[in-house]
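Student: Can you keep this structure in mind? I'll have questions shortly.
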Amino acid sequence: TNLDLNYREYEKLAGGFYPAKFDARAWVTAFREAGARYICFTTRHHDGFSMFHTGQSPYNIVDATPFARDVVKELAEECHRQGLRVHFYYSLIDWWREDAPRGRTGLGTGRPADKEDADAYFDFMKAQLTELLTQYGEVGAIWFDGVWDQDRNPCSTGASMSFTA
């Protein structure tokens, strides 16, 4: 649940996001030494904030935070250097974009219901997924989350989203 936090209030938090101790090399080394064969990193969660530099939305770690670094790129490059596969988690839910189908958990975000546009939102997701699959080297898998929240929306009632990168 989003605790009925207004999406415009929540987006202000990005201005203070600065993971100063983030070190891709240290993370990947620790995972590799622990015996991991891959890392699955959250590229975008239900809040709609992207942890990679996307050209599809300004609401991302490079453009919306003082940190201004693409952590997905740094992690992917380090995984490739150290021989670990990189997997991406990607949420189909988006509480920030006004065109995104609200589902059940997005009802308390304050987004206007009359701006939902599943086709436009699918186009946005396809463009982001194209970025993830073409700009970060070999990707072992993408884990999609959130269809469980969309039972009243076209994406889970027969309409399909075709995607080719």
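Residue numbers (the numbering used here): 7 to 171. Ideal Cβ positions, reconstructed from N, Cα and C, are used throughout, including at glycine. Fair warning: this is a prediction, and the values are worked out from it, not measured in the lab.
Could you give the DSSP three-state label for R103: helix, strand or coil?
Tutor: Position 97 of the sequence shown, counting from 1, holds the residue named residue 103. Looking at R103 - three-state DSSP - the assignment turns out to be coil, as it is neither helix nor strand.
Student: Taking contact to mean at least 3 C-beta pairs separated by less than 8 Å, is the stretch 144 to 154 in contact with the stretch 22 to 42?
Tutor: With the cut-off at 8 Å, the stretch 144 to 154 and the stretch 22 to 42 do not touch.
Student: Return the Cβ separation of I45 and L90 in integer angstroms, given the expectation that the two are a contact with Cβ distance under 8 Å.
Tutor: Within the sequence shown, numbered from 1, the residue matching residue 45 stands at position 39. Within the sequence shown, numbered from 1, the residue matching residue 90 stands at position 84. Yes, they are in contact, since the Cβ atoms of I45 and L90 sit about 6 Å apart, within 8 Å.
Student: By how many angstroms is the C-alpha of A30 removed from the C-alpha of L81?
Tutor: Taking the sequence shown and counting its residues from 1, one reaches residue 81 at position 75. Taking the sequence shown and counting its residues from 1, one reaches residue 30 at position 24. Distance between the alpha carbons of L81 and A30 is about 5 Å.
Student: With DSSP as the reference, identify every bridge partner of S97, one or two as the case may be.
Tutor: The residue you call residue 97 lines up with position 91 of the sequence shown. Answer by DSSP bridge pairing, in chain order: D151.
Student: Have a look at the DSSP bridge pairing and note the partners of H66.
Tutor: Here residue 66 refers to the residue found at position 60 when the sequence shown is read from its first residue. This sequence places Asn at residue 66; His is not what is there. Paired residues: S56.
Student: Count the other CB atoms, across all protein chains shown, that sit within 10 Å of the CB of P25; report buried if there are 16 or more and exposed otherwise.
Tutor: In the sequence shown, the residue the question calls residue 25 occupies position 19. Exposed, by the Cβ-count rule.
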